[in-house]
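Heads up, the thing below is written out as structure tokens.
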């Protein structure tokens, strides 16, 4: 089973601007979500969170738990967590207000995520971010 999450990270089409990934089977999705139950330790949860969110699959409760863990484990250095883009995507997709705080964090690299979750607020935030550089 260790190879399962790695295989899920392989894009179906690398030529597209935003990679597309093969769908999860119901059993595969259940297996990943089972590993995200309860308070996550990010070092262990990262590989189980990325694959579902690349398919718009993280649930709001999973997203909220990951956000809390991210803030605790990476306080003062949020850009160091390798799954921050997927978490930001899930936050935006679920309409969490905290998403906009995460976008504003230095090193958030939100520009790649904002177009994938259209909103009225996104273009203004992207412009502000570009102006700060």
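Numbering (my numbering), first residue to last: 203 to 335. From the three backbone atoms N, C-alpha and C, an ideal C-beta is built for every residue, glycine too.
Item	Value
Counting Cβ pairs closer than 8 Å, one from the segment 317-328 and one from the segment 270-286, do we hit at least three?	no
Terminal residues of the continuous alpha helix (DSSP H) containing residue 300?	300-306
Considering only the alpha carbon of each residue, which of 280, 305 and 234 lies closest to residue 261?	234
Given a cut-off of 9 Å on the beta-carbon distance, is the pair residue 289 and residue 253 in contact?	no
Taking the Cβ atom as the reference point for each residue, do residue 324 and residue 293 lie within a distance shorter than 9 Å?	no
Roughly how many whole angstroms lie between the Cα atoms of residue 244 and residue 265?	12 Å
How would you label residue 255, buried or exposed, when you count the other beta carbons within 10 angstroms and need 16 or more for buried?	buried
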